[in-house]
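Novice: The following block contains the structure, expressed as structure tokens.
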Amino acid sequence: MADHTDVLRGLHRAPRVQYPVLTPNMQGFQDAVAAGATEVAVFGSASETFSKKNINCSIDESMLRFEEVINAAKEQHIPVRGYVSCALGCPHEGHVEPSEVAKVATRLYEMGCYEISLGDTIGAGTPGSMVKMLQSVMKEVPVSALAVHCHDTYGQALPNILTALQMGVSVVDAAVAGLGGCPYAPGSSGNVSTEDVLYMLHGMGVETGVNLAQVIEAGDFICSALCRRTNSKVAQAQGRSL
Amino acid sequence: MGNVPTTVKHCLSYDQLLRDYPWLKRWLLEEKTITDHEYPKYVKIVEVGPRDGLQNEKLIDMLSRTGLPVIEATSFVSSKWVPQMADHTDVLRGLHRAPRVQYPVLTPNMQGFQDAVAAGATEVAVFGSASETFSKKNINCSIDESMLRFEEVINAAKEQHIPVRGYVSCALGCPHEGHVEPSEVAKVATRLYEMGCYEISLGDTIGAGTPGSMVKMLQSVMKEVPVSALAVHCHDTYGQALPNILTALQMGVSVVDAAVAGLGGCPYAPGSSGNVSTEDVLYMLHGMGVETGVNLAQVIEAGDFICSALCRRTNSKVAQAQGRSL
């Protein structure tokens, strides 16, 4: 990630597109602002073990770091998005209580994050656990401020997203060609494919403003460049990036 | 807002209203967040993996021990057209039938039906299409002609007290015609049901369906056929099988077709996948507290076996996540 400054500086910013960047601490935040960032994000965890193993500190300690970042961002009128990982399960702890997810989501929201993205980090969630987790979080955080970030490790991303939409969530995280994410077992997949999410939403008459064909092209490009197969079933069905 | 009447304050500020009546927020949220969807307590899984030319007795044996209530064993199509099905009689005769498991076989016409019965079939299935073009290209006759053939089979089956399941392919799109009208699906489903099929499996043959088209199609079919007699057979070509199945369950469908390791199906484009994986369906249903009576770990083992035997990668994400059949 060493060239993040170059990437941000070199961006050709399209009008009406936001380009948030992750900033785990004040150093990262200051570097990001110096490089021209106009939106940042912080990454919390609903699981104590995951927090310690992933970012080397407890949830409470991470919240203090994020509070610093959020306050600095507020002064510069830079919006902050909050992420909660392990929202539907932890690779170390297994089951994660919905109330723990709600606790972290609420703290991030009350500290000033405009949106909270709830992440199914290991992809173990199902419509059953998604409902329970959202019910808990939605007691404290308005649904208009929630997003879901589902992984497709067990093939559950789309039914989980559908469930979240049915509960009022209207922001969905996805990755072109299903690249990236957080694989925890050999052969397991990570992010849900933007193409597959768009196909479902458009088929349901939901507007996204996004051109699916152009996303497929972008996926085609990056898969060729990385010599990797696309994880998007929609792209595969169209005979792309085999 | 010191000297403004309370009621006006509440009109002006929703936040103020919630602060003054803390119970209201909880009440409103509970009203909103309790999903209206009731899911069936039990879903019957119809395993269609072995039927699509896999013809593997050990696979059927392994599946028979998993708790699956229905396993489609083979297809009595003419071996002239589909040579790999030539040993269907042997497969059926060689079956070790587990108690409480049904082993239906496909019988497209009277010849196939008679061969199936001679080989010991106790349940059969017929395959109609909602698309005229697909019918002609796939089984060489119009929908009406196919219905006459099926009526023969169904009547003969009735005389022998053999239940018949009906399939409607192209329920959410046709590889030739594209969009298929829900009313056309309803027409064929109704005919099959009225002729005597005990269950109608609605198939998204090209996997192009989404929760949007699934709802419309089911609404149309459910005007004529009771939902308890309906099943969905979703393909995962566009990754939509699980959300489509979830949608069908929300509409009251409680029978789902799936194939171990996601093998088989009807691929219409290079690289496209077919059947939805039984493992992935089970993972979702069990996670929702829906009972199926099926042991997921044992289905994963059966998938592991058949993928090794065929030197093929599993299509099941659940199996992949557990490091199987890479």
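Protein sequence lines, in the order shown, are assigned to chains A and B. Numbering-wise (the UniProt record's numbering), the first sequence opens with residue 1 and increments by one. Numbering-wise (the UniProt record's numbering), the second sequence opens with residue 1 and increments by one. Just so it is clear, CB atoms sit at the ideal spot from N, CA and C, and this is done for glycine as well.
#1: With a threshold of 8 Å between beta-carbons, can A/T126 be considered close to chain B, or not?
#2: I want to see whether chain B comes within less than 8 Å of A/I194, judged by CB atoms only; does it?
#3: How about A/A237: is its C-beta nearer than 8 Å to some C-beta of chain B?
#4: State yes or no: is the C-beta of B/S129 within less than 8 Å of the C-beta of B/C170?
#5: How long is the line joining the alpha carbons of B/A189 and B/H286, rounded to whole angstroms?
#6: Interface residues of chain D around A/S129 at Cβ under 7 Å?
#7: Under 8 Å, Cβ to Cβ, is there at least one residue of chain B near A/Q214?
#8: What first and last residue would you give for the alpha helix (DSSP H) that runs through A/E115?
#9: Three-state secondary structure (DSSP) at A/H202?
#10: List the residues of chain B whose Cβ lies closer than 8 Å to the Cβ of A/G203, in chain order.
#11: For A/T153, which residues in chain B fall below 7 Å Cβ to Cβ?
#12: For my contact list, B/G135 and B/P182 are in at a C-beta cut-off of 8 Å; report their separation, rounded to the angstrom.
#13: Does residue 398 of chain B have its Cβ less than 8 Å from a Cβ in chain A?
#14: How close, in whole Å, do the beta carbons of A/F43 and A/S85 come, if the pair is a contact with beta carbons under 8 Å?
#15: Shortest alpha-carbon distance to A/A37 belongs to which of A/C57, A/D196, A/P20, A/S170?
#16: Helix, strand or coil for B/K41 per DSSP?
#17: When you compare each of A/G181, A/G205, A/A174 to A/E195 by their alpha carbons, which one comes out closest?
#18: Using a C-beta cutoff of 8 Å, does A/K52 count as contacting chain B?
#19: Strictly under 8 Å for the Cβ-Cβ distance: is B/R312 near chain A by that measure?
#20: Return the chain-ordered list of same chain residues with a C-beta closer than 6 Å to the C-beta of A/E68, the five sequence neighbours on each side being excluded.
#21: Across the region 304 to 315 of chain B and the region 50 to 60 of chain B, are there enough close Cβ pairs to call them in contact, namely three or more that are closer than 8 Å?
#22: So, at 7 Å on beta carbons, what are the nonlocal neighbours of A/T218 in its own chain, with the 5 sequence-adjacent residues on each side left out?
#23: Grouping DSSP H, G and I as helix and E and B as strand, with all else coil, what is B/G178?
#24: Could you tell me if A/A185 is buried or exposed, where buried requires 16 or more neighbouring beta carbons within 10 angstroms of its beta carbon?
#25: Count the C-beta pairs between the region 72 to 82 of chain A and the region 102 to 117 of chain A that are closer than 8 Å, then say yes if the count reaches three, no if not.
#26: Would B/E116 pass as a contact of B/V101 if the rule is Cβ separation under 8 Å?
#27: Could you have a look at B/Y193 and say whether DSSP puts it in helix, strand or coil?
#28: Excluding the 5 residues preceding and the 5 following B/H161 in the sequence, name in chain order all residues of the same chain whose CB lies nearer than 8 Å to its CB.
#29: How many angstroms separate the CA atom of A/M63 from the CA atom of A/A41?
#30: Would a check of beta-carbon distances place A/K132 closer than 8 Å to chain B?
#31: Using C-beta distances below 8 Å, list every residue in its chain close to A/V171, excluding the 5 sequence neighbours before and after it, in chain order.
#32: Provide the residue span of the alpha helix (DSSP H) that contains A/V169, from first to last.
#33: Report the neighbours of B/P243 on chain A: residues whose CB is nearer than 7 Å to its CB, in chain order.
#34: Determine whether the Cβ of B/D236 lies closer than 8 Å to any Cβ atom of chain A.
#35: Since B/H233 is in the beta strand (DSSP E), which residue starts that stretch and which ends it?
#36: To the nearest angstrom, report how far apart A/A14 and B/N138 are at their CA atoms.
Specialist: In brief:
#1: yes
#2: Residue identity differs from the one stated: residue 194 of chain A is Thr in this sequence, not Ile. Chain B, which has no Cβ nearer than 8 Å to the Cβ of A/T194, makes this no.
#3: yes
#4: yes
#5: 29 Å
#6: No chain D is part of this structure, whose protein chains are labelled A and B.
#7: no
#8: That residue, A/E115, is in no alpha helix (DSSP H); its beta strand (DSSP E) goes 115 to 120.
#9: helix
#10: G209, T210, P211, G212, S213, Q240
#11: K317, A321
#12: The question names Gly, yet the displayed sequence has Ser at residue 135 of chain B. About 17 Å; that fails the 8 Å criterion.
#13: The structure shown does not extend to residue 398 of chain B, since chain B is modelled only from 1 through 326, so no value can be given for it.
#14: 7 Å
#15: A/P20
#16: coil
#17: A/A174
#18: no
#19: no
#20: M26
#21: yes
#22: Checking the sequence shown, residue 218 of chain A turns out to be Ala, not Thr. Contacts found: V176.
#23: strand
#24: Here the model assigns A/A185 a pLDDT of 47, short of 50, so the residue's position is not dependable, and the following value carries that caveat. So A/A185 counts as exposed.
#25: yes
#26: The sequence given here has Ala at residue 116 of chain B, not Glu. Taking 8 Å as the Cβ cut-off, B/A116 and B/V101 do not qualify as a contacting pair.
#27: helix
#28: none
#29: 13 Å
#30: no
#31: E115, S117, L146, A147, V148
#32: Unbroken run through A/V169: none, as it is neither H nor E.
#33: L158, P159, L162, M200
#34: yes
#35: 230 to 234
#36: 49 Å
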